[in-house]
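A.B. asks: I have a structure here, written as structure tokens, and I will follow up with some questions on it.
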Amino acid sequence: MKTWKTMKILLTASAMAFIASSCDDGKIYPQISEAEGSGRVLEIKVRFTNVDQWPSTEDYCVLFAGFKEDGTYPSISKNIGTPVEGKDMEFTLSNVPEDVTTASICITSLSHKLIYHIYTTETGKGLSAEIDAGTIEMKSLYSFVQDGIFDSRCISCHGDGGTAAGLDLTKDKSYEMLIGKPATTDPSCVRVVAGNATESYLYRIMTEDTLDANESGYNHPMNVNLRNDMTLLIKEWINSGACK
Numbered sequence: 013m014k015t016w017k018t019m020k021i022l023l024t025a026s027a028m029a030f031i032a033s034s035c036d037d038g039k040i041y042p043q044i045s046e047a048e049g050s051g052r053v054l055e056i057k058v059r060f061t062n063v064d065q066w067p068s069t070e071d072y073c074v075l076f077a078g079f080k081e082d083g084t085y086p087s088i089s090k091n092i093g094t095p096v097e098g099k100d101m102e103f104t105l106s107n108v109p110e111d112v113t114t115a116s117i118c119i120t121s122l123s124h125k126l127i128y129h130i131y132t133t134e135t136g137k138g139l140s141a142e143i144d145a146g147t148i149e150m151k152s153l154y155s156f157v158q159d160g161i162f163d164s165r166c167i168s169c170h171g172d173g174g175t176a177a178g179l180d181l182t183k184d185k186s187y188e189m190l191i192g193k194p195a196t197t198d199p200s201c202v203r204v205v206a207g208n209a210t211e212s213y214l215y216r217i218m219t220e221d222t223l224d225a226n227e228s229g230y231n232h233p234m235n236v237n238l239r240n241d242m243t244l245l246i247k248e249w250i251n252s253g254a255c256k
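So in my numbering, spot 35 of the sequence shown is number 47, and the numbers just go up one at a time.
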């Protein structure tokens, strides 16, 4: 049995959603202590389910990683590899840089550019941590977009609270309403052009202030407040073929 010598962070993994949702409820906030000695350590316990949805290792990496604030690339990381369904796993990052403030299980490109945080927890600066991430359910990129972005940020206007611009982003309707469909505010544009994010109105309206202000009257980048990894996830999902 491994002995933990530094601070403890006990958090239930929160689903975000390739990529993940937690099977646990609630949230326990971390107890923080100063790292012992000069070597800062981050350790995590986690198990994965639905591993048949694990990202292709030819195209992506799934990492346990430490990020600086607003980091696009991890400061330190370890490749998780392809896990066994439901098996408890432990990973350790040693000599973690002092300015790392977030521990993450994330999907990245092969060059380790962030695509999406499956699970994150704040560690503070210069502190070691023991993290219990609970159970993480792997999903397709589209399912992560739906659960982590549409359900949490969009359906108050595009779903349960109404269908602004004729767009319903609820789970059973979003895919059919996006792929190859003309945008209501600009019918010359297509909501999602599979394989081409820069030509997709969905991605553009989430990232271009000028487009939003001129054509819809609602500033999505400002008001929806998507994290950087959320827009990266939308871009990657579309560019990889916008598969369901």
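All C-beta atoms, glycine included, are put in the ideal place defined by N, C-alpha and C.
1) Quick check: the Cα distance between K99 and R59, rounded to an integer number of angstroms?
2) Measuring CA to CA, which of S168, T196, I246 is closest to T219?
3) Which partner residues of K90 appear in the DSSP bridge assignment?
4) Tell me whether the stretch 110-119 and the stretch 195-213 touch, counting them as touching only if at least three CB pairs, one residue from each stretch, are closer than 8 Å.
5) Tell me which residues share the same chain as Y215 and place their Cβ nearer than 7 Å to its Cβ, disregarding the 5 neighbours each side in the sequence.
6) Please list the terminal residues of the continuous alpha helix (DSSP H) segment that includes F156.
7) Could you name the residues that DSSP lists as bridge partners for W59?
8) Which residues mark the beginning and the end of the alpha helix (DSSP H) in which S186 is found?
9) Taking H270 as the reference, give the member of A176, G93, D64, E81 with the closest Cα.
10) If you reduce the DSSP assignment to three classes, tell me which class K14 lands in.
11) Tell me the rounded alpha-carbon separation between S89 and C255.
12) Anyone know if the C-beta pair for L311 and F76 falls short of 9 Å?
C.D. replies: Considering the structure as presented:
1) By 1-based counting over the sequence shown, the position of residue 99 is 87. By 1-based counting over the sequence shown, the position of residue 59 is 47. Each residue's alpha carbon lies about 5 Å from the other.
2) As a first step, residue 219 is located in the sequence shown; it is residue number 207 there, counting from the start. Looking at the Cα atoms, I246 is the closest of the given residues.
3) The residue you call residue 90 lines up with position 78 of the sequence shown. Answer is F76.
4) no
5) Indexing the sequence shown from 1 puts residue 215 at position 203. For Y215, where only same-chain residues beyond five positions count, the Cβ hits under 7 Å are A209, I246, K247, I250.
6) If you number the sequence shown from 1, residue 156 lands on position 144. F156 -> alpha helix (DSSP H) spans 153-157.
7) Position 47 of the sequence shown, counting from 1, holds the residue named residue 59. For the record, residue 59 in the displayed sequence is Arg; it is not Trp. Answer is T147.
8) Counted from its first residue, the sequence shown places residue 186 at position 174. Run containing S186: 186-190, per the alpha helix (DSSP H) assignment.
9) Outside the modelled stretch of the chain, which goes from 13 to 256, sits residue 270, for which no answer is possible.
10) Your numbering for residue 14 matches position 2 in the sequence shown. Model confidence at K14 stands at a pLDDT of 42, short of 50, so the residue's coordinates are unreliable and nothing is read from them.
11) Residue mapping note: residue 89 aligns to position 77 of the sequence shown, counting from 1. Residue mapping note: residue 255 aligns to position 243 of the sequence shown, counting from 1. The alpha-carbon atoms of S89 and C255 are separated by roughly 28 Å.
12) This structure does not reach residue 311, given that the chain is present from 13 up to 256, and the question cannot be answered.
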